[in-house]
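To start, the structure itself, in C-alpha cells.
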Amino acid sequence: MNTIFKRSIELNKKIEKFLDVISNSLLLFDKAVRAYLSDEPIVYEEIQARISYLETEADQLGSDIKISLYRFMLLPDARADVLSLIKSLDNIIDITEEITKDFHIQHPEFPASLNNDILELTRNTIASADSLLLAVRSFFSEAHLVSSHINHINFYEHEADLLENKINNAIFNGNLITRLAEKLQLKHFVSKITSISDESELIGEKLAIFNIKREI
C-alpha cells in the first residue's frame, strides 16, 4: 500500500488488518454454511461466535482507520474515497454475521437435494467478495490490476445469480416443499447468501470510479 499512504506505516497496517478480518470472515462463513447443512450445531455455533467477534473487530478497525485518514491523508478527495470504501467493505462482514445469526435463530430446513447447489452458491458469492478484496489491495498498491479483479467480481456475481435462480426454481416449482411459508423462508436465505456477491459488485463499481479518479 505504499503508493497512496507513503506517510503512514500505521495506516497501512490498519487497512491491511481490516481487509484480513473481512477475508477471514468469508472463510468462516463458508465453513458455517457447510456445518449447518451437515447438521453440526456445536461446530456451527463456534463458527458463528468467531464471525461475530470478527465483525466487532472490523468495526473498531474501521473507526481507527477513519481517525488515521484524517491524521495522515492530505488530499480531502482521496480521503473521502478511501473512507467511503472502508464503510462499504464493512457491509460484507455485516452480511455474513447477519446470515449466520438468522440461520441460528430461524433454523431453515433445506431439502438435502439442494445442499450441493447451496454450497456452490456460497462458493461463488464468496469468490466474488474475495475478488473484491484483491481489487481493493491492488487499488492501494498496484492500480493497474484493479480492472482485472473487478472483472472477476462480476463473473462470480453472475454465477451466483444463476445459481440463485436455479435454487429458487427448485423451491417454488418442484415438489420438494409444499408450504408457501417454508418456500418464502428458504428463498430469503438464498437471497441473503447471494447478497454478498451483489454487495461486492456494487462496491466494485464504486472502486472502479475511484481508480479512474486516481489516474486523472
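In this note's numbering, each number is its position in the sequence shown, counted from 1, plus 2.
Ideal Cβ placement from N, Cα and C applies to all residues, glycine included.
Only a predicted model underlies this, so the values are computations on that prediction, with no experimental measurement involved.
| query | result |
| --- | --- |
| Taking only three categories from DSSP, how would you classify Met3? | Annotation note: pLDDT 47 at Met3 (below 50); position unreliable, coordinate value reported separately. Looking at Met3 - three-state DSSP - the assignment turns out to be coil, as it is neither helix nor strand. |
| Note the first and the last residue of the continuous alpha helix (DSSP H) segment covering Glu111. | Premise fails: Glu111 is in no alpha helix (DSSP H) and is neither H nor E. |
| Cα separation between Leu56 and Val23? | 6 Å |
| Using the Cα positions of Asn4 and Ile11, report the straight-line distance between them to the nearest angstrom. | Residue confidence for Asn4 is low, a pLDDT of 45 falling below 50, so the modelled location carries little weight; the figure read from the coordinates is stated next. For Asn4 and Ile11, the distance between alpha carbons rounds to 9 Å. |
| Do you know offhand how far Glu203's Cα is from Leu178's? | 32 Å |
| Would you report the Cα separation of Lys33 and Ser115, rounded to the nearest angstrom? | 19 Å |
| On the criterion of 16 or more Cβ atoms from any shown chain inside 10 Å, does Lys215 qualify as buried, or is it exposed? | exposed |
| How long is the line joining the alpha carbons of Glu42 and Glu122, rounded to whole angstroms? | 19 Å |
| Under three-state DSSP, which class holds Asp41? | coil |
| Let me confirm a value: Asn126 is counted as buried when at least 16 other C-beta atoms fall within 10 Å, else exposed. Which label applies? | buried |
| Using three-state DSSP, classify Arg139 as helix, strand or coil. | helix |
| Beta-carbon separation of His151 and Ala137 under 8 Å? | yes |
| Quick check on Ala51: buried or exposed, where buried means 16 or more other Cβ atoms within 10 Å of its Cβ? | exposed |
| Restricting to Cα atoms, I'd like to know which of Arg73, Leu87, Asp200 and Lys185 is closest to Ser130. | Asp200 |
| Shortest alpha-carbon distance to Ala82 belongs to which of Asn93, Asn175 and Ile69? | Ile69 |
| With DSSP as the reference, label Asn213 as helix, strand or coil. | helix |
| Can you round the beta-carbon distance between Leu192 and Ile155 to whole angstroms, since I take them to be within the 8 Å contact cut? | Contrary to the premise, residue 192 reads as Val rather than Leu in this sequence. Their Cβ separation, rounded to whole angstroms, is 20 Å, which puts Val192 and Ile155 out of contact at 8 Å. |
| Should Glu99 go down as buried or exposed, given a rule of 16 or more other Cβ atoms within 10 Å for buried? | buried |
| Quick check: the Cα distance between Glu144 and Ala60, rounded to an integer number of angstroms? | 24 Å |
| For Leu136, verify whether its CB is less than 7 Å away from any heavy atom of the ligand FMN. | Absent from the structure shown: the ligand FMN. Ligands present: none. |
| Hey, could you find the ends of the alpha helix (DSSP H) Ala145 is sitting in? | Element bounds for Ala145: n/a, residue is neither H nor E. |
| How about Val124 and Asp163: are their beta carbons less than 8 Å apart? | Position check: residue 124 holds Thr in this sequence, whereas Val was assumed. Going by C-beta atoms, Thr124 is not nearer than 8 Å to Asp163. |
| Less than 8 Å between the CB atoms is what I'm expecting for Ile88 and Ile198, so what's the real figure, rounded? | Rounded, the Cβ-Cβ distance is 17 Å, inconsistent with contact. |
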